[in-house]
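Asker:
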Amino acid sequence: MKQNRSGFSFRSLHLSLRFVLPLACALALLAYAAVPLFDGLTLRWFSRDLDMRSQLISSTLQEPLADLVQKGERLRINVLIQRATQDERLLAVGVCDTNNKLLYRSSLFPKAITCTSHEADAKDPLHLIRLPQGPVHVVTSPLKYEGISIGSLMLIHDMSYVERRSADTRKYIIILFVVLGVVISLITVLVAHLSWQGWMEGVRAMMRGEGILRPFSQPASAELQPLVGEMRTLLRNLESERRHADDMTTTWNPAALRALLNKQLTGDQVLVVSNREPYIHIRTDQGVIVHRPASGLVTAVEPVMRACSGTWIAHGSGSADRETVNRHDRVGVPPAKPEYNLRRIWLTKEEEQGYYYGFANEGLWPLCHNAHVRPIFRSSDWEWYQKINQRFSDAVVREAHGDDPVVLVQDYHFALLPAMIRERLPKATIITFWHIPWPNPESFGICPWREELLQGMLGSTILGFHTPFHCKNFLETTDRYLETRIEHESSTIFHGGQLTMVEDYPISIQWPPAWQGTLPPVAQTRVEILAELNLPADHLLGLGVDRLDYTKGIPERFMAVERMLEQHPELVRRFSFVQIAAPSRSALEEYQSFETRVHALTERINQRFSRDGVPAIILKAEHHEPDQVNRYYRASNVCMVTSLHDGMNLVAKEYVAARDDEQGVLVLSQFTGAANELHEALIVNPYHVEQTAEALYQGLVMPEYEQQERMRSMRAQVKDFNVYRWAGRMLLDAARVRQRERLAARIGKLP
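Following this line, the structure appears as structure tokens:
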């Protein structure tokens, strides 16, 4: 037996060597051929990258540079082009006139290059010129002023780093082929001593994506685990780099979203599900009118739907909603120019009381907000919550044109919906966005149906929150209450055969704002608002815009106003605070009590500080349309956002967007998601009355130049990180998940 074993080993070794030697020769030849190929590819890739960078830089410099050249402001031109060359790869910038004479150049502009040398020397399509100190990449673009050519702009990139990277690439390629040859040789030798059946099962498992494309499913063979781990790390790194590249190179706007759908999602259908509808039809004595509800969700999602032209499924709550839909309960919106469909779901008063007012707003809302209001959970409310989630699931299935739509589920009203949709449409890509904070595991454990809610949410393909902190809380909550596999590094959860990505997607607003360019100047708006309020023309104005909700910190804000007037009596009669407070959930006892408290506090403060008919606080507890609110944004000196706990708070971003005069001061609670982005606001702890009062005073007396610097920075942040970027990031992630799933399905069919 021993003899047979050694004979088998010798034959296996002999056969292995017969395979290994030709393999080694083939790998050597392949490496010899691959090195110049990789050099050429690397050069073309970097040249293409520099072409795109040059186009972007040229577009950025075009308008200010042309204006300065036309005015002949040499000093400012030199400062501008010198600042542009602070990029480590951009070596030099030059400006030529129409006669190919070099007018301006940065300090490192090569003497060997002239305005005509690029045309003479760059004979290849890579735009390369070789200088004694190394190769450079030269791109010349026309410089125009009001459509008339006034010269050209030369951008010179240093390409010495390409040679260094090419050398590194050659070294790594050689090492790769050596390592690859050794690894394959070892594997070949091992194959001769192992069971073919075991190996083939392991290979098939890996090819199907187990442990790589679906990281938490049944792992591949133990021998392949190191390779699987490396592949997973590589995929995560590539995903991270690609997301960063998309954010840096994409200008997010409606056109970019449409292009994303057509390119990444191949025109797939997009469905949005929310409780609140974006347009409400109301019957009045003058007929049916339409208004948009005071909702951060509607503010954020409605521009996305305009860009995607999908279907929005929501509860029809308006008194004239039934009169305006067709026989399929659909209506085109916006009313003036329909761009997408609104599908309405009808609820009885009993259903709305149990599902919406009961479980969602007396249970989940206070549970997720650290606002010191005890949540209430009733079995009857839970039953209605389940039934209504199922009704919306049925509507999604009916509205879907195929078996794999992209479904955007919005907020805490539909925690069960993702799993219900997944059961009916297994191929659907479900993106759930939780618009409110997510509590810590101990707080969430109060809910009697915590496991059912978590299981429902884990039917999502992607689960989004405003901040990384909320994502962390959700992962820890899931880990505490469900049997799942969680990979914290990639922020993924595997449960019930379904993989869910948990990511932070800070929500934002539309940019540019819909009203941009249509409103009168800020100074005129301020005069009009003060006149409407019967206030003097030089009056100082503070502003708060919220729903009448106990999480918004309205009483704390009023007490800060009171304290500020106590400390600075010279502002009495010179300052008033306007609070726009849309009534909310007035059917609930907690909200009725809160509204009474707000009115009583307003009356008490006004009794103390109102003089000569000038109130300290003006409470406008009624619905205001967005254009009305925007006028108050533009007229106020200070806007106060003092939420006690908030997912994001879009009022802060709306105020910043409204101030195109770059004036005004934002006082912002540290407990909002917006505080993580708008660092130039005056950040306060709303529970600290004196601190908030001092911030309000500082905002009222802040010099104009400081207001401008702060507001300019915040406007740039809101512009770059707008609602289209929020939606685009989610849809891009969804597209990549869909691609991986389809790839996994194809690999799984291999024999």
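Here numbering that gives the first Met the number 0 is used: the first residue of the sequence shown is 0, the next is one more, and so on. Glycine residues also receive a C-beta, built at the ideal position from the N, C-alpha and C atoms.
Between the alpha carbons of Ala674 and Leu540, how many angstroms are there, rounded?
Answerer: Here residue 674 is taken as the residue at index 675 of the sequence shown, counted from 1. Here residue 540 is taken as the residue at index 541 of the sequence shown, counted from 1. Spanning the two alpha carbons is a distance of roughly 23 Å.
Asker: Work out the CA separation of Glu740 and Met205 for me, nearest whole Å.
Answerer: The sequence position of residue 205 within the sequence shown is 206, counting from 1. The sequence position of residue 740 within the sequence shown is 741, counting from 1. Unreliable positioning characterises Met205 in this predicted model, as indicated by a pLDDT of 39, which lies under 50. The coordinate reading is nonetheless provided below. If I take the Cα positions, the gap works out to 14 Å.
Asker: Runs of 3 residues minimum, wholly inside the stretch 486-545: which ones carry the beta strand (DSSP E) assignment?
Answerer: Taking only runs of at least 3 residues, the beta strand (DSSP E) segments lying wholly in the stretch 486-545 are 491-494 and 497-503.
Asker: DSSP beta-bridge partners for Ile616?
Answerer: For the purposes of this step, residue 616 is taken as the residue at position 617 of the sequence shown. Note: Ile616 sits in a beta bridge opposite Phe576.
Asker: Mind the definition here: the stretch 503-517 touches the stretch 591-608 only if three or more C-beta pairs lie below 8 Å; say whether that holds.
Answerer: no
Asker: Who does Ser148 pair with in a DSSP beta bridge?
Answerer: Here residue 148 corresponds to residue number 149 of the sequence shown, with the count starting at 1. Answer by DSSP bridge pairing, in chain order: Lys143.
Asker: Ignoring anything shorter than 3 residues or poking outside the stretch 629-681, list the beta strand (DSSP E) runs there in chain order.
Answerer: 637-640 and 664-668
Asker: Please go through the same chain and pick out, in chain order, the residues whose beta-carbon is closer than 6 Å to the beta-carbon of Arg724, but skip the five residues on each side of it.
Answerer: Locating residue 724 in the sequence shown gives position 725, counting from the first residue. So the qualifying residues of the chain are Trp251.
Asker: DSSP has Phe432 in a bridge; who is on the other side?
Answerer: Here residue 432 corresponds to residue number 433 of the sequence shown, with the count starting at 1. In DSSP, Phe432 forms a bridge with Gln409 and Gly463.
Asker: Per DSSP, which residues does Cys95 bridge with? Please list them.
Answerer: Start at 1 with the first residue of the sequence shown, and residue 95 comes out as number 96. Paired residues: Leu101 and Ser151.
Asker: Using beta-carbon positions only, say whether Ser459 and Pro417 come within less than 8 Å of one another.
Answerer: In the sequence shown, counting from the first residue as 1, residue 459 sits at position 460. In the sequence shown, counting from the first residue as 1, residue 417 sits at position 418. In this structure, Pro417 lies closer than 8 Å to Ser459 by Cβ.
Asker: Inspect the beta-carbon positions of Pro440 and Arg397 and report whether they are closer than 8 Å.
Answerer: Counted from its first residue, the sequence shown places residue 440 at position 441. Counted from its first residue, the sequence shown places residue 397 at position 398. Cβ atoms of Pro440 and Arg397: not closer than 8 Å.
Asker: Could you tell me the distance, in whole angstroms, from the CA atom of Phe608 to the CA atom of Asp659?
Answerer: The residue you call residue 608 lines up with position 609 of the sequence shown. The residue you call residue 659 lines up with position 660 of the sequence shown. Distance between the alpha carbons of Phe608 and Asp659: 33 Å.
Asker: Using a Cβ-Cβ cutoff of less than 6 Å, which residues in the same chain neighbour Ala734 once the five nearest sequence positions on both sides are dropped?
Answerer: Reading the sequence shown from its first residue, position 735 is the one you call residue 734. Taken in chain order, the residues that qualify are Gln263 and Leu264.
Asker: What is the rounded straight-line gap between the Cα of His126 and the Cα of Asp50?
Answerer: Locating residue 126 in the sequence shown gives position 127, counting from the first residue. Locating residue 50 in the sequence shown gives position 51, counting from the first residue. If you draw a straight line from the Cα of His126 to the Cα of Asp50, it is about 9 Å long.
Asker: State buried or exposed for Asp548, treating a residue as buried only when at least 16 other CB atoms are found within 10 Å of its CB.
Answerer: Here residue 548 is taken as the residue at index 549 of the sequence shown, counted from 1. Buried: at least 16 other Cβ atoms inside 10 Å.
Asker: When you compare only the Cα positions, how much space is there between Leu90 and Arg711?
Answerer: As a first step, residue 90 is located in the sequence shown; it is residue number 91 there, counting from the start. As a first step, residue 711 is located in the sequence shown; it is residue number 712 there, counting from the start. Leu90 and Arg711 have their C-alpha atoms roughly 30 Å apart.
Asker: Going by DSSP in three states, His156 sits in which element: helix, strand or coil?
Answerer: The count along the sequence shown starts at 1 and reaches residue 156 at position 157. Reduced to three states, the DSSP call for His156 is strand.
Asker: Less than 8 Å between C-beta atoms, sequence neighbours within five positions excluded: which residues of the same chain meet that for Gln738?
Answerer: The residue labelled residue 738 in the question sits at position 739 within the sequence shown. Cβ neighbours of Gln738 beyond the five flanking positions: none.
Asker: With distances taken Cα to Cα, identify the nearest neighbour of Asn472 among His494, Ile435, Pro447 and Leu498.
Answerer: Start at 1 with the first residue of the sequence shown, and residue 472 comes out as number 473. Ranking His494, Ile435, Pro447 and Leu498 by Cα distance to Asn472 puts Ile435 first.
Asker: If we ignore side chains and look at the alpha-carbon of each, how far apart do Arg639 and Glu661 end up?
Answerer: Taking the sequence shown and counting its residues from 1, the one referred to as residue 639 is at position 640. Taking the sequence shown and counting its residues from 1, the one referred to as residue 661 is at position 662. Checking the sequence, you will find Met at residue 639 rather than Arg. Cα to Cα, Met639 sits roughly 17 Å from Glu661.
Asker: Can you pull the DSSP bridge partners for Asn340?
Answerer: Locating residue 340 in the sequence shown gives position 341, counting from the first residue. Note: Asn340 sits in a beta bridge opposite Thr310 and Gly331.
Asker: The beta strand (DSSP E) with Leu130 in it runs from where to where?
Answerer: Here residue 130 corresponds to residue number 131 of the sequence shown, with the count starting at 1. Where Leu130 is concerned, the enclosing beta strand (DSSP E) stretches over Leu127 to Leu130.
Asker: Going by other Cβ atoms of all chains shown within 10 Å of its Cβ, with 16 needed for buried, is Ile528 buried or exposed?
Answerer: One-based indexing of the sequence shown puts residue 528 at position 529. The residue is buried, with at least 16 neighbouring Cβ atoms inside 10 Å.
Asker: Hey, could you find the ends of the alpha helix (DSSP H) Arg282 is sitting in?
Answerer: Position 283 of the sequence shown, counting from 1, holds the residue named residue 282. Looking at the DSSP string, Arg282 is not in any alpha helix (DSSP H); the run it does join, the beta strand (DSSP E), is Ile279 to Thr283.
Asker: CB Met153 to CB Thr139, shorter than 8 Å?
Answerer: Your numbering for residue 153 matches position 154 in the sequence shown. Your numbering for residue 139 matches position 140 in the sequence shown. Yes, they are a contact pair.
Asker: Please report the straight-line C-alpha distance between Leu415 and Phe432, rounded to a whole angstrom.
Answerer: Mapped onto the sequence shown, residue 415 falls at position 416. Mapped onto the sequence shown, residue 432 falls at position 433. Each residue's Cα considered, the two are about 13 Å apart.
Asker: Buried or exposed: Val94, going by 16 or more other Cβ atoms within 10 Å of its Cβ?
Answerer: Here residue 94 refers to the residue found at position 95 of the sequence shown. By the 10 Å Cβ count, Val94 comes out buried.
Asker: Are there any heavy atoms of the ligand ADP lying less than 7 Å away from the beta-carbon of Leu79, as far as the coordinates show?
Answerer: The ligand ADP is absent from the structure shown, which contains no ligand whatsoever.
Asker: Could you please give the first and the last residue of the uninterrupted alpha helix (DSSP H) stretch that includes Ile288?
Answerer: As a working mapping, residue 288 is identified with position 289 in the sequence shown. Here Ile288 belongs to no alpha helix (DSSP H); instead the beta strand (DSSP E) covers Gly286 to His290.
Asker: Where Arg88 and Pro109 are concerned, what is the direct C-alpha to C-alpha distance, given to the nearest angstrom?
Answerer: Translated into positions along the sequence shown, residue 88 becomes position 89. Translated into positions along the sequence shown, residue 109 becomes position 110. Computed Cα separation, rounded: 15 Å.
Asker: Under the three-state reduction of DSSP, which class applies to Pro417: helix, strand or coil?
Answerer: Position 418 of the sequence shown, counted from the first residue, corresponds to residue 417. It is helical.
Asker: Whether or not the stretch 385-402 and the stretch 343-359 are in contact is what I'm after, with contact meaning three or more pairs of Cβ atoms, one per stretch, closer than 8 Å; do they touch?
Answerer: yes
Asker: Determine the direct distance from the alpha carbon of Gly286 to that of Ser318, and round the result to whole angstroms.
Answerer: To locate residue 318, count along the sequence shown from 1; it is residue 319. To locate residue 286, count along the sequence shown from 1; it is residue 287. Computed Cα separation, rounded: 11 Å.
Asker: What are the boundary residues of the beta strand (DSSP E) that Leu699 is part of?
Answerer: The sequence position of residue 699 within the sequence shown is 700, counting from 1. It is not in any beta strand (DSSP E) - Leu699 instead sits in the alpha helix (DSSP H) that spans Val688 to Val700.
Asker: Provide the residue span of the alpha helix (DSSP H) that contains Leu259, from first to last.
Answerer: Here residue 259 refers to the residue found at position 260 of the sequence shown. Run containing Leu259: Pro253 to Lys262, per the alpha helix (DSSP H) assignment.
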